[in-house]
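Asker:
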Amino acid sequence: MSDFTIGAVEVTKVPEWTGEIAAARFIVPDSTPEIWRDNEAWLAPDHWNPATDAYHGAVQTWVLRSEGKTVLVDTGVGNGRDRPQIPLFDHLDTDFPDRLAAAGVRPEDVDVVVNTHIHYDHVGWNTLGGAHGWEPAFPNATYLIPAVDQRYFAPENAGRRPVPRNDHERLRRKGSLLVYADSIAPVLGRATLWEDSYRLDADLTLEPAPGHTPGSSVLRVRSGGDKAVFVGDILHSPVQILEPSWNSCFCEDRPQAAATRRRLLEQAADEREIVVPAHFAGAGALEVKRDGSRFKVDRWVGA
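Be aware that the sequence shown starts at 1, since it is given in my numbering, and climbs by one per residue.
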């Protein structure tokens, strides 16, 4: 776990899982072998394994303590879930609840859960399996879910989504319906479905950042002159900082995702925002600076 502060806001990273997920150029298809090799000195070992050419990442929750409230940003994969679209996380079994407790967080103390978007690795611990099926894991929390994603992934709207073209896409569609059933539908009674923007308190604001999914969002933090932006899956790998036009294989609207990524990196560089992606292992957060038409890492935060 790593801790840092953004003004008066305390931040703690609670990892659920860390490891190799797939080949680096499967995760970032447009990237070149050279970009990984030329940056091996700082990509390895936290973000890339040169020996296997595998992308290395993390699934984690960020705990924010702001104005006396406890806020969770994204809730990982969860235990015991049917995830046919990604066998690596099918029926995962981790000690994440114990890690959350070690960070001083009891389920009943959580005030707000932020899902930056509705993908399996951002909503899993929204719920727990019990005698009556899937139930909210945080009984006193308000769940903040982007309304655009809720409509897009709701089973009744499946016919409006692009028709799957192959077995891989069919598995992803099946998996997304399972994710909605076990991790979204059970919390809708405690959810706020927000659009345009949503202010949690004086320091925390949610804003749309579409492209990765239609309703993808970021959480901006402004406190005591310090700034940060929790960007979800707008960045999957640091190589996307070096070349913002490169999307991950999971981005649903590739041109829009690339435009959103560039816009967020430009603002982060110009305003000295700490950038907090969902899946960076190691320190997990960073500052960026301009490098011509691209960007590079200025410093890591939280190591």
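Yeah, the Cβ is synthetic: ideal placement off N, Cα and C, and Gly gets one too. All of these numbers come straight from a predicted model, not from anything done at the bench.
(1) Output the boundary residues of the alpha helix (DSSP H) element that contains Arg261.
(2) Output the residue ranges of the alpha helix (DSSP H) runs that lie fully inside the segment 2-70 and measure 4 residues or longer, sorted by chain position.
(3) Closest to Asp226 by CA distance: which of Pro162, Gly232, Tyr120 and Ala268 is it?
(4) Cα-Cα, which of Asp167, Ser293, Ala281 and Trp42 is closest to Gln85?
(5) Among the residues of its own chain, which have a CB less than 8 Å from the CB of Pro45, if the five just before and after it don't count?
(6) Note the first and the last residue of the continuous alpha helix (DSSP H) segment covering Pro97.
(7) According to the neighbour-count rule (16 or more other Cβ atoms, all chains shown, within 10 Å of its Cβ), is Asn126 buried or exposed?
(8) Just to confirm the assignment, what range does the alpha helix (DSSP H) spanning Phe280 have?
(9) By Cβ distance below 8 Å, which residues in the same chain neighbour Val28 in space, the five residues on each side in sequence not counted?
(10) Work out the CA separation of Val163 and Ala58 for me, nearest whole Å.
(11) Are the CB atoms of Ala137 and Leu128 nearer to each other than 8 Å?
(12) Mind checking which residues open and close the beta strand (DSSP E) that includes Phe165?
(13) Grab me the residues of Ser176's own chain with a C-beta within less than 7 Å of its C-beta, minus the 5 sequence neighbours each way, in chain order.
(14) Express the C-alpha separation of Gly211 and Glu252 in angstroms, rounding to a whole number.
(15) Considering only the alpha carbon of each residue, which of Pro97, Val77, Arg254 and Ser183 lies closest to Leu88?
(16) Go ahead and label His119 buried or exposed: buried means 16 or more other beta carbons lie within 10 angstroms of its beta carbon, across all protein chains shown.
(17) Is the CB-CB distance between Phe4 and Ala285 below 8 Å?
(18) Quick one: what does DSSP say Glu195 is sitting in, helix, strand or coil?
(19) So within the segment 134-160, which uninterrupted alpha helix (DSSP H) runs reach at least 4 residues, ignoring any that extend past its ends?
(20) Can you tell me whether Asp233 is buried or exposed, with buried defined as 16 or more other CB within 10 angstroms of its CB?
(21) What does a CB cutoff of less than 6 Å around Ser2 pick up in its chain, not counting 5 residues either side in sequence?
(22) Determine the DSSP secondary structure at Ala181, reduced to helix, strand or coil.
(23) Considering Val231, what are the terminal residues of the beta strand (DSSP E) in which it resides?
Answerer: In this structure, then:
(1) As a first step, residue 261 is located in the sequence shown; it is residue number 261 there, counting from the start. Taken as a continuous stretch (DSSP letters only), the alpha helix (DSSP H) holding Arg261 covers Arg254 to Glu271.
(2) 24-27, 33-38 and 40-43
(3) Position 226 of the sequence shown holds residue 226. Checking every option, the nearest Cα to that of Asp226 belongs to Ala268.
(4) Residue 85 sits at position 85 when you count from the first residue of the sequence shown. It is Asp167.
(5) Translated into positions along the sequence shown, residue 45 becomes position 45. The answer, listed in chain order, is His56.
(6) Along the sequence shown, read from residue 1 onward, the residue named residue 97 stands at position 97. Taken as a continuous stretch (DSSP letters only), the alpha helix (DSSP H) holding Pro97 covers Phe96 to Ala102.
(7) Reading the sequence shown from its first residue, position 126 is the one you call residue 126. When all chains shown are included, Asn126 counts as buried.
(8) In the sequence shown, counting from the first residue as 1, residue 280 sits at position 280. Where Phe280 is concerned, there is no enclosing alpha helix (DSSP H), given that its DSSP letter is neither H nor E.
(9) Along the sequence shown, read from residue 1 onward, the residue named residue 28 stands at position 28. For Val28, where only same-chain residues beyond five positions count, the Cβ hits under 8 Å are Tyr55, His236, Ser237, Val239, Gln240, Trp246, Asn247, Ser248 and Cys249.
(10) Mapped onto the sequence shown, residue 58 falls at position 58. Mapped onto the sequence shown, residue 163 falls at position 163. Cα to Cα, Ala58 sits roughly 30 Å from Val163.
(11) Stepping through the sequence shown from its first residue, residue 137 is reached at position 137. Stepping through the sequence shown from its first residue, residue 128 is reached at position 128. Yes.
(12) Taking the sequence shown and counting its residues from 1, the one referred to as residue 165 is at position 165. The amino acid at residue 165 is misidentified as Phe; the sequence shows Arg. Careful: Arg165 lies outside any beta strand (DSSP E) and carries neither H nor E.
(13) Numbered from 1 along the sequence shown, position 176 holds the residue referred to as residue 176. The residues are Phe153.
(14) Position 252 of the sequence shown, counting from 1, holds the residue named residue 252. Position 211 of the sequence shown, counting from 1, holds the residue named residue 211. Distance between the alpha carbons of Glu252 and Gly211: 6 Å.
(15) What you label residue 88 is simply residue 88 of the sequence shown in a count that begins at 1. Checking every option, the nearest Cα to that of Leu88 belongs to Val77.
(16) Start at 1 with the first residue of the sequence shown, and residue 119 comes out as number 119. Classification of His119: buried, given that the 10 Å Cβ count is 16 or more.
(17) By one-based count along the sequence shown, residue 4 stands at place 4. By one-based count along the sequence shown, residue 285 stands at place 285. Against a cut-off of 8 Å, the Cβ pair of Ala285 and Phe4 comes out as a contact.
(18) Counted from its first residue, the sequence shown places residue 195 at position 195. It is coil, neither helix nor strand.
(19) 147-153
(20) Translated into positions along the sequence shown, residue 233 becomes position 233. Asp233 comes out buried.
(21) Here residue 2 refers to the residue found at position 2 of the sequence shown. Caution is warranted here: a pLDDT of 48 is assigned to Ser2, below 50, making its placement in the model unreliable, and the coordinate value is therefore given only provisionally. Lys13 and Gly302.
(22) Numbered from its first residue, the sequence shown carries residue 181 at position 181. Looking at Ala181 - three-state DSSP - the assignment turns out to be helix.
(23) The residue labelled residue 231 in the question sits at position 231 within the sequence shown. Start and end: Asp226 to Gly232.
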